[in-house]
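Residue numbers (the UniProt record's numbering): 1 to 307.
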């Protein structure tokens, strides 16, 4: 029996009337009468029989009524997009992959939203992988947030913001005194941040245009360890300028906690794009839709730019 016949059977058993069943399904009584004939043949039972001016259900029809209604309801739920899911009913753990700096900026507000709107949700934060593996495709994480320059081609992405860069130095560092020039910048000892261990970046290309080359002495896998190193040495480091928002530390707050100072870079550098990415199988999942909405609100953005 096809799905349309099942829906018609449910309407007939629920209303006990060809006319009312036809009205419920926005079809004509004649068409519904023909459908009733097909159902009688398929089930080997008249289902509805004449009784005075109306019709009544047969014992077989009465026995089928609850079961048919349940099957039709389950089918409708299966075929209905899940975007309307109530976050308060979610009981799940979402995996998010992000850099330490993104987590420090995002996690406090995101956890507040989860506690208020989806108390059955737990968040599992994972660090960025050394290699751009298919974590989203494999289902190891539900959402990746950061500089998405390595995701699989099918990944859905949405821009959250773009960030400028700043130079951090320890309090009392010579670069914090006087005019910071491109030459002074290049001559300092630098530590870079790269999950893949790369020593060079956009700053090196910009300095080459000026005929300069910086001294990179170390590379670290995350920004918070770089801040800790900078605070205790004469090394300097480029970091994204995270904006301050309620419940999350911006760059100035992080700098203060690490006893480092943020300086403006003396030459132009491209802004970095922070985005979130997810596998398309989750695009219409109600729980995942709530997670993406919560990330937007925690970051302080609207709907973003989706690709």
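Each residue gets a CB set at the ideal place from its N, CA and C atoms; glycine is no exception.
So, residue i versus residue j, is the Cβ gap smaller than 8 Å?
i: residue 169; j: residue 269; result: no
i: residue 123; j: residue 94; result: yes
i: residue 198; j: residue 219; result: yes
i: residue 233; j: residue 216; result: no
i: residue 195; j: residue 221; result: yes
i: residue 279; j: residue 136; result: yes
i: residue 212; j: residue 186; result: yes
i: residue 310; j: residue 13; result: Residue 310 lies beyond the stretch modelled for the chain, which goes from 1 to 307, so this question has no answer here.
Mark residue i as exposed unless 16 or more other C-beta atoms lie within 10 angstroms of its C-beta, in which case mark it buried.
i: residue 225; result: exposed
i: residue 210; result: exposed
i: residue 91; result: exposed
i: residue 59; result: exposed
i: residue 10; result: buried
i: residue 2; result: exposed
i: residue 295; result: buried
i: residue 28; result: exposed
i: residue 158; result: buried
i: residue 53; result: exposed
i: residue 50; result: exposed
i: residue 87; result: buried
i: residue 146; result: buried
If I follow the unbroken alpha helix (DSSP H) through residue i, where does it start and stop?
i: residue 187; result: 182-187
i: residue 22; result: 18-24
i: residue 137; result: 135-138
So who's on the other strand from residue i, going by DSSP bridges?
i: residue 162; result: 273
i: residue 278; result: 156
i: residue 227; result: For residue 227, which the question treats as bridged, DSSP gives no partner whatsoever.
i: residue 55; result: 50
i: residue 94; result: 123
i: residue 168; result: 237, 262
i: residue 191; result: 218
So residue i is in the beta strand (DSSP E); what residue range does that whole segment cover?
i: residue 51; result: 48-51
i: residue 218; result: 215-220
i: residue 144; result: 143-146
Report the CB separation of residue i from residue j in whole angstroms; it is logged as a contact under 8 Å.
i: residue 101; j: residue 240; result: 7 Å
i: residue 39; j: residue 5; result: 6 Å
i: residue 117; j: residue 283; result: So it is not a contact: roughly 20 Å between Cβ atoms.
i: residue 271; j: residue 163; result: 6 Å
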